[in-house]
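Here the structure is laid out as structure tokens; the discussion comes afterwards.
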Amino acid sequence: MKKHWNEIQPIDPYTVGTNGMLQEYDRKIITFLYQPLIGPVCYSLYMSLWGEVEENRLWSTDSTHYHLMNVLSVNLQDVYEARMKLEGIGLLKAYEKRDNGDRSFLYELQPPLSPQEFFHDGMLNVYLYRKIGRTHYLRLKKFFTDETVDKQQYSNITRSFQDVFTSEQINFLHHDANVDSETKSGEQYMKYGKNEGIPLDEIDFDFQLLLAGLSESMVPRKAFTATVKETVLKLSYLYGIDPLQMKNIVLSSLDADDTIDIELLRKTARDWYGLQTGDQLPDLTTRIGVKKPAPANKPLSKEEELIEYLENTSPKDVLSDISNGGSPSKSDLQAVEEVLMSQKLPLGVMNVLIQYVLLKTDMKLTKGYMEKIASHWSRKKVTTASEAMDLAKKEHKQYLEWAEGKKETKTNRRRKPIRTEKLPEWFKEEETEKENESSQEGYDFEAEKKKLEEELKNFRK
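Here the sequence shown stands for residues 12 to 472, where the numbers follow this note's numbering.
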């Protein structure tokens, strides 16, 4: 799995540019609307990069990432993760150039969405509402709006250009080519930029499957405008709606003119999510450890595939996979969320914790036991699934004592063999310990191991 030091190094130079000139109003939008979602480090990175571009300029001089680490007082991993957040939320585009082994970067800051675009985005406004609550959300909407004036009560008396100015004929022998010429090569006019919205991959949603379930007579194809498709894509990601479920939501959002009402589409998706989960709105969670896919000529090993799965899968889906596709209980999800929020564990680490706790508690998600291990991992500053696996194996005996609730004496220490339902393949205990348990309990470890391997093969298909 790629680490941050494979992506950037402190000595790597970078240049900052802006997609058009940024305004003071953009600073307020990022401060009040984006900062609650991206956090202080990410916000500071954006503002620091912005500060490197001189006023009324579009490009900065070169700097190194070591300079950023000093300015922000953070390590390189924090810089890299903050950069990824800016990319994911649509505030930064990153470009890389390699030249004879040397690497340099180009960071192009994107202006934020306008307040109107943000509050009607369908994703960012939902996450912000969940993050800051209704009271402050409404205060922010009021902050970024003002009263309208009914101009229809007035008469337009504005004069035209011809009413004010006259044009005199000027005789000259040679027309000055600089009057209306284009800019020189490598130059551009200063202007304000526009945010293109959150970058979302359509590969995660199968529009063809959605359309296959909707005949032309039910929903005209022209109803799926670019705006509708973008909204469907956002809602599918936001609420975890697959194409078959989205079909009924789309049908419920048709108006009398056979067009899809965007607001009704969003409300119907929100109601569907509430019925499925009992929650009103989803929360925005950062996916740590985002990485590029492995080259086609270098397939991932079993361990790398498992780590990739743990780093890039939500805890809800991990619980569902362990249950052979069944929906996890509300109490299990609540326990995971509380531990995740209180200990601020990365998702990959949380997934390892889920698998380990289920392994050691007879497939029961014991919250107290999970909190105790999570607290230990948080103090140890565990940030990746791989580190969590190593620590779980290293501290196995201590965690086992926590699970039993008390330390047993050497004379009465007899542990029952653990069930082998959907056990993590990364957890391999010492052979000697298994052999001792086998001799004490009549447990055929080799037979159970083969059975487990077969189940895992089916599980990973």
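Don't be surprised by glycine CBs; every beta carbon is placed ideally from N, CA and C.
Owing to the predicted nature of the structure, the values given are computational and were not obtained by experimental measurement.
State the start and end residues of the unbroken beta strand (DSSP E) segment that holds P326.
P326 -> not in any beta strand (DSSP E); alpha helix (DSSP H) instead, spanning 326-333.
According to the neighbour-count rule (16 or more other Cβ atoms, all chains shown, within 10 Å of its Cβ), is Q20 buried or exposed?
exposed
Using CA coordinates, which residue listed in P254, E319, Y250 is at the minimum distance from Q287?
Y250
Between K39 and A105, what straight-line distance do the alpha-carbon atoms span, to the nearest angstrom?
23 angstroms
Assign E227 to one of three DSSP states: helix, strand, or coil.
coil
According to the Cβ coordinates, are F216 and S247 closer than 8 angstroms?
yes
Go ahead and pull the three-state DSSP assignment for S8.
As displayed, the chain neither begins before 12 nor continues past 472, which places residue 8 out of reach and without an answer.
Using 8 angstroms as the cut-off, can you tell me whether the stretch 356-371 makes contact with the stretch 325-333, which would need three or more C-beta pairs spanning the two stretches below that distance?
yes
By the DSSP assignment, the beta strand (DSSP E) with M106 in it spans what residues?
The sequence given here has Tyr at residue 106, not Met. 103-110 is the span of the beta strand (DSSP E), which, as asked, contains Y106.
By the three-class DSSP mapping on this structure, what secondary structure does V160 have?
coil
Anyone know if the C-beta pair for V261 and L225 falls short of 8 angstroms?
yes
Buried or exposed by the 16-neighbour rule on C-beta atoms within 10 Å, applied to L411:
exposed
Counterpart residues of L79 in DSSP-defined beta bridges
The partner list for L79 (beta bridge, DSSP) is empty, contrary to what the question assumes.
By a C-beta neighbour count over all protein chains shown, 10 Å radius and 16 as the cutoff for buried, is K245 buried or exposed?
buried
Sort out for me which residues DSSP pairs P47 with in a bridge.
In DSSP, P47 forms no bridge with anything.
Name the DSSP beta bridge partners of R114, please?
R109
So if DSSP puts W70 in a beta bridge, which residue, or which two residues, is it bridged to?
G28
What residue ranges within the stretch 263-290 form continuous alpha helix (DSSP H) runs of no fewer than 4 residues, ordered along the chain?
273-288
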